[in-house]
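The block underneath contains the structure these notes are about, expressed in structure tokens.
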Amino acid sequence: MNIKEIAEEIYNTYHTRNPYEIADYMNGIILYTSYLPDDIYGMSNMINNTWIISINSKLHNYQVIKFTIAHEIGHKVLHDLENDIFFKRNTCFSLQKFDNQADEFALNLLYTDDDLRDIIEYCSSDFFCDVFKIKYTVFEKVIKERLGV
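Just so we're aligned, residue -7 is where the sequence shown starts under the numbering used here, counting upward by one.
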């Protein structure tokens, strides 16, 4: 199953694109913390068998927060990484591939085809990628797969 299909399955299971609701349905707890550095929007961990999504409290853009939560849901369903800090500190494996996949998942979960058309029509793709901290190649891949553009 590809990432788009997994995102569609999550949407069809929970009948929503709202990442707050999906995290709740998946028994996740969303916490806002000031302890994350400015360049980290969020992270997720398993603590005592509880899935915690930590969101940087310095974020004030609701759309960026929603995207960050969807990104963390992507990590949970695609990678099931119990603790990405442990993984980063104790392995030599690059997590960029996982982050790109989580971004691809979030794009597919949050946005309908019409939403994506509006983004490319009314917003600079570079600006969108900068705001959401997405690699342009990931955004371009989703646009090509979904819209054939």
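All C-beta atoms in this analysis are idealised placements derived from N, C-alpha and C, irrespective of residue type, glycine included.
Check: Under the three-state reduction of DSSP, which class applies to Leu108: helix, strand or coil?
Finding: helix
Checklist line | At least three beta-carbon pairs within less than 8 angstroms, the stretch 29 to 41 to the stretch 97 to 104 | finding: no
Next item on the list: Along the alpha helix (DSSP H) that carries Thr5, what are the first and last residues, could you check?
Entry: DSSP places Thr5 inside the alpha helix (DSSP H), whose first and last residues are Ile(-5) to Tyr6.
Next item on the list: Since I believe His52 is in contact with Ala94 (beta carbons under 8 angstroms), could you give me their beta-carbon distance rounded to a whole number of angstroms?
Entry: That pair is no contact at about 22 angstroms.
Checklist line | Spatial distance of Val123 from Ile21 (CA atoms) | finding: 25 angstroms
Next item on the list: Give a yes or no on contact between the stretch 108 to 116 and the stretch 35 to 49, applying the rule of three or more CB pairs nearer than 8 angstroms.
Entry: no
Next item on the list: Would you tell me roughly how many angstroms separate the C-alpha atoms of His67 and Thr8, rounded to the nearest one?
Entry: 18 angstroms
Notebook entry, point to check: So the beta strand (DSSP E) Tyr24 belongs to, where does it begin and stop?
Noted result: Segment Gly20 to Thr25, the beta strand (DSSP E) holding Tyr24.
Margin query: Mapping the DSSP letters down to three states, classify Gly34 as helix, strand or coil.
Written below: strand
Next item on the list: Could you check how far apart the C-beta atoms of Tyr24 and Glu13 are, in whole angstroms? I think they sit under 8 angstroms.
Entry: Not really, about 17 angstroms apart at Cβ, beyond 8 angstroms.
Next item on the list: Would you decide whether Leu139 is buried or exposed? Buried here means 16 or more other CB atoms lie within 10 Å of its CB.
Entry: exposed
Check: Quick one, which of Lys89, Asn10 and Asp91 has its alpha-carbon nearest Tyr54's?
Finding: Asn10
Check: Is Asn48 helix, strand or coil when you go by DSSP?
Finding: strand
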